[in-house]
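What follows is a short report on a single structure.
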Amino acid sequence: MSEEAEGLPEPSGISKYRDKIVDGPIIRTIFWLGTPPLVNQLVVVAYNVADSYWLSNYNEITVAVPRQMWPILMLFQALANALTAASLSIISQYIGSKSYKEASLSASRFFTLAFFSGGALSILLIALRSTIFTSAVSTPPEIFDDVMKYSGVIAFDVFFNYIALTYTTILQSVGDTKRPAIVNVISVGINVSLDPFFVLGIGPFPRLGVVGAALTDVMGKIIAIVAMTYILRKSYPELRIGFTKKIDAEWARLVLRIGLPILTLGLMNGFAFLMQLKLVNMLGIIAATAFSIGFVVMDIVDAALWGLSGAPAIMIGQSLGAEKPKRAKEVAFKAAVLIFTLMIVGALVCYPFRRSLADVFADDQKILDETDVFLQTMLPTLPFFGLFAVTLSVGRGSGHTNFPTALGIFRLWGIRIGLGYFLAFMLGVGSLGVWLAIGISNIVGGIIAIAWIKYGKWAKAVVKQKLEITGE
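Quick note: the sequence shown uses my numbering, first residue 86, plus one each step.
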């Protein structure tokens, strides 16, 4: 039984978002929910660009250092992604059905799991990083020492990111996407302003290089956690979030049902990107640096994707909780069309300036030529990657995550790794073979994704069984 049925007043801070999400115009609501994260993502992209720029001023090849850490972070953040996917699906559906007490209890459960799992994984990363970068990734010797220094600091970022992601997801589940975005914009803005001082040693600051870049990331997470803790306590006192021992078997099974496919996908993605990076590293420092610069440029196009793709998950989750499956399917399809179109525009804008953008981060002609080939291959395929990202969002919102997981594994292991190795090393195509495999995986994944969004049987709430068991 919901709180409304019990005769209790609805928490106004939550219900004002819920009604708009469940009943408002779809495209307008996507932009309403998605614009703050979009602005946030643009700021993050600006920070990544600035980070790469200052690192290139420190030493041109250190631009490749953060990208060496990227697949490792994906592995260690896989559990966080699984927990936040389950959190968004469960909490948003409880809010959609106006079961606010269950939403509050679930939020505390997710916070507890995130805190302890994030701490344990942070310690594990510190212990294993030497083995990872020597044996698993085959980091080029030119940047190995810098990668070790960078990863030693970023290991602490893993712990803080688990907490920050949990708070962000709880606020998004309510429908409050604006304030988490504002918090992140402020924290990233501080990072951007401090970056040159910590990296290059301007004024009284020591010249820390990659360590300085990592330190600003950790500082940003701490700032975000403090701010979002205040927002949750001040604006949503109904969501009493803290440590709890009330993690029962039924709730755990529901979390596993939703989160296990996401965890599987995250781990498989992490290992796949690790293998992809190993392939690139085997091609040498030129390819590794071009790979890193190319992704910095592509992040500019991806800003619209990662900014807006979270909105459909919130809308789908609350629509299914409100027993409106037709609206959920309409949200998914319209979101796919919208993001595909925006990604086309972004790719068309960036394509003519690809070499000029790469020139900001490198002077070496070989690196510039390789980056240009990478971007020529990749930019036209990004709209299809957008469709795949929407499928992940649909899975998160509905709780039906098995198909997106299987599709993600296929496009990474079957196409990016399998086809990439075959083209690059067995056929002797070299780096172009790896770039082609990545592009093909985007196209194939996008086509299959839109078919599932349109015809898949995912528009069914996953919390109904839980509600019946608990008597809600």
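Virtual Cβ for every residue (Gly too), placed ideally from N, Cα, C.
- Message: Mapping the DSSP letters down to three states, classify residue 379 as helix, strand or coil.
- Response: One-based indexing of the sequence shown puts residue 379 at position 294. For residue 379, the three-state secondary structure derived from DSSP is helix.
- Would the beta-carbon of residue 413 fall within 8 Å of that of residue 534? Residue numbering aside, residue 413 sits at position 328 when the sequence shown is read from its first letter. Residue numbering aside, residue 534 sits at position 449 when the sequence shown is read from its first letter. No, they are not a contact pair.
- Query: Can you check whether the CB of residue 481 is closer than 8 Å to the CB of residue 170?
  - Reply: Taking the first residue of the sequence shown as position 1, residue 170 is located at position 85. Taking the first residue of the sequence shown as position 1, residue 481 is located at position 396. In contact: residue 170 and residue 481 (Cβ atoms closer than 8 Å).
- Query: Considering only residues of the same chain and omitting the five flanking positions on each side of residue 542, which have a CB-CB separation below 7 Å?
  - Reply: Counting from one through the sequence shown, the residue named residue 542 turns up at place 457. Excluding the 5 residues flanking it on each side, residue 542 has no same chain C-beta neighbour closer than 7 Å.
- Task: Answer yes if the region 385-402 comes into contact with the region 421-428, meaning at least three C-beta pairs across the two stretches below 8 Å, and no otherwise.
- Result: Taking 8 Å as the limit for Cβ pairs, the verdict is that the region 385-402 does touch the region 421-428.
- Nearest residue (CA-CA) to residue 220, options 415, 359 and 462: Reading the sequence shown from its first residue, position 135 is the one you call residue 220. Closest in alpha carbon position to residue 220, among 415, 359 and 462, is 359.
- Task: Would you mind sorting residue 94 into buried or exposed? The rule is 16 or more other CB atoms within 10 Å of its CB.
- Result: For the purposes of this step, residue 94 is taken as the residue at position 9 of the sequence shown. The predicted position of residue 94 is uncertain, since its pLDDT is 46 and thus under 50; a value taken from the coordinates is nonetheless stated next. When all chains shown are included, residue 94 counts as exposed.
- Query: Near residue 448, which residues of its chain fall below 8 Å by C-beta distance, leaving aside the five closest residues on each side in sequence?
  - Reply: Start at 1 with the first residue of the sequence shown, and residue 448 comes out as number 363. If the five residues before and after residue 448 are omitted, its C-beta is found closer than 8 Å to the C-beta atoms of 145, all from its own chain and listed in chain order.
- Task: Use the C-beta contact count for residue 103: other C-beta atoms within 10 angstroms, 16 or more gives buried, fewer gives exposed.
- Result: For the purposes of this step, residue 103 is taken as the residue at position 18 of the sequence shown. When all chains shown are included, residue 103 counts as buried.
- Which word fits residue 507, buried or exposed, when buried means at least 16 other C-beta atoms lie within 10 angstroms of its C-beta? Within the sequence shown, residue 507 is the residue found at index 422, counting from 1. By the Cβ neighbour-count rule, residue 507 is exposed, with fewer than 16 other Cβ atoms within 10 Å of its own.
- Applying the criterion that 16 or more other CB atoms from any shown protein chain within 10 Å of the CB defines a buried residue, is residue 172 buried or exposed? Here residue 172 refers to the residue found at position 87 of the sequence shown. Buried is the call here.
- Message: Count Cβ pairs between the region 429-446 and the region 487-507 that sit closer than 8 Å; are there 3 or more?
- Response: The region 429-446 is not in contact with the region 487-507.
- Could you pull out every residue in the same chain whose Cβ sits closer than 6 Å to the Cβ of residue 396, ignoring the five residues on either side in sequence? On the sequence shown, position 311 is the one that residue 396 refers to. Around residue 396, the same chain offers 115, 118 and 119 as residues with beta carbons nearer than 6 Å, after the five sequence neighbours per side are excluded.
- 4 or more residues per run - each alpha helix (DSSP H) lying fully within the region 478-519: If one requires a minimum length of 4 residues, the alpha helix (DSSP H) runs lying completely within the region 478-519 are 487-494, in chain order.
- Task: From the DSSP output, in three-state form, read off residue 432 for me.
- Result: Taking the first residue of the sequence shown as 1, we reach residue 432 at position 347. Three-state DSSP puts residue 432 in a helix.
- Message: Here's the rule I'm using: 16 or more other beta-carbon atoms within 10 Å means buried, otherwise exposed. How should residue 148 be labelled?
- Response: For this step, residue 148 is matched to residue 63 along the sequence shown. Residue 148 counts as buried, since no fewer than 16 other beta carbons sit within 10 angstroms of its beta carbon.
- Query: To which residues of the same chain is residue 251 closer than 6 Å at the C-beta, ignoring the five residues directly before and after it?
  - Reply: Taking the first residue of the sequence shown as 1, we reach residue 251 at position 166. Non-local C-beta neighbours of residue 251 in its own chain, meaning closer than 6 Å and more than five positions away in sequence, comprise 195, 196 and 199, ordered along the chain.
- Message: Using only the alpha-carbon positions, how far apart do residue 203 and residue 512 sit?
- Response: In the sequence shown, residue 203 corresponds to position 118, counting from 1. In the sequence shown, residue 512 corresponds to position 427, counting from 1. Approximately 42 Å between the Cα atoms of the pair.
- Taking only the alpha-carbon atoms, compute the straight-line gap between residue 305 and residue 234 and give it to the nearest angstrom. Position 220 of the sequence shown, counted from the first residue, corresponds to residue 305. Position 149 of the sequence shown, counted from the first residue, corresponds to residue 234. Distance between the alpha carbons of residue 305 and residue 234: 19 Å.
- Message: Excluding the 5 residues flanking residue 484 on each side, which residues of the same chain have their C-beta closer than 6 Å to its C-beta?
- Response: In the sequence shown, the residue the question calls residue 484 occupies position 399. Annotation for residue 484: 174, 343 and 547 place their beta carbon closer than 6 Å to its own, counting only its chain and skipping 5 residues before and after.
- Task: Apply the 10 Å Cβ neighbour rule to residue 181 and answer buried if 16 or more other Cβ atoms are within range, or exposed otherwise.
- Result: Position 96 of the sequence shown, counted from the start, is the residue given in the question as residue 181. Burial call: buried.
- Query: Pairing CB atoms from the region 467-476 with CB atoms from the region 326-337, are three or more of them under 8 Å?
  - Reply: No contact exists between the region 467-476 and the region 326-337.
- Kindly provide the ranges of any beta strand (DSSP E) runs that are 3 or more residues long and lie completely inside the region 194-268, ordered along the chain. Complete beta strand (DSSP E) runs here, min 3: none at all.
- Message: Determine whether the beta carbon atoms of residue 516 and residue 455 lie at a separation below 8 Å.
- Response: Here residue 516 refers to the residue found at position 431 of the sequence shown. Here residue 455 refers to the residue found at position 370 of the sequence shown. A contact, by the Cβ cut-off of 8 Å.
- In whole angstroms, what separates the C-alpha of residue 138 from that of residue 339? Residue numbering aside, residue 138 sits at position 53 when the sequence shown is read from its first letter. Residue numbering aside, residue 339 sits at position 254 when the sequence shown is read from its first letter. Going from the Cα of residue 138 to the Cα of residue 339 covers about 44 Å.
- Could you round the C-beta distance between residue 154 and residue 232 to whole angstroms and report it? I think they count as a contact, below 8 Å. Locating residue 154 in the sequence shown gives position 69, where the first residue counts as 1. Locating residue 232 in the sequence shown gives position 147, where the first residue counts as 1. Sure, about 7 Å apart at Cβ, within 8 Å.
- Query: Would you call the CB atoms of residue 476 and residue 492 closer than 8 Å?
  - Reply: Within the sequence shown, the letter at position 391 stands for residue 476. Within the sequence shown, the letter at position 407 stands for residue 492. Yes, Cβ-Cβ distance for residue 476 and residue 492 is below 8 Å.
- Taking 8 Å as the cut-off, decide whether the C-beta atoms of residue 376 and residue 113 are in contact. The residue given as residue 376 occupies position 291 in the sequence shown. The residue given as residue 113 occupies position 28 in the sequence shown. The beta carbons of residue 376 and residue 113 sit no closer together than 8 Å.
- Who are the near neighbours of residue 121 in its chain, counting only those whose CB is closer than 6 Å to its CB and skipping five residues on each side? Position 36 of the sequence shown, counted from the start, is the residue given in the question as residue 121. If you ignore the 5 residues before and after residue 121, its C-beta comes within less than 6 Å of the C-beta of 262, 263 and 266, all in its own chain and listed in chain order.
- Query: In its own chain, which residues sit with a C-beta less than 6 Å from the C-beta of residue 316, not counting the 5 before and 5 after it?
  - Reply: As a working mapping, residue 316 is identified with position 231 in the sequence shown. Cβ neighbours of residue 316 beyond the five flanking positions: 264.
- So, is residue 346 buried or exposed, given that buried needs 16 or more other C-beta atoms within 10 angstroms? Within the sequence shown, numbered from 1, the residue matching residue 346 stands at position 261. Answer is buried; the Cβ neighbour count reaches 16.
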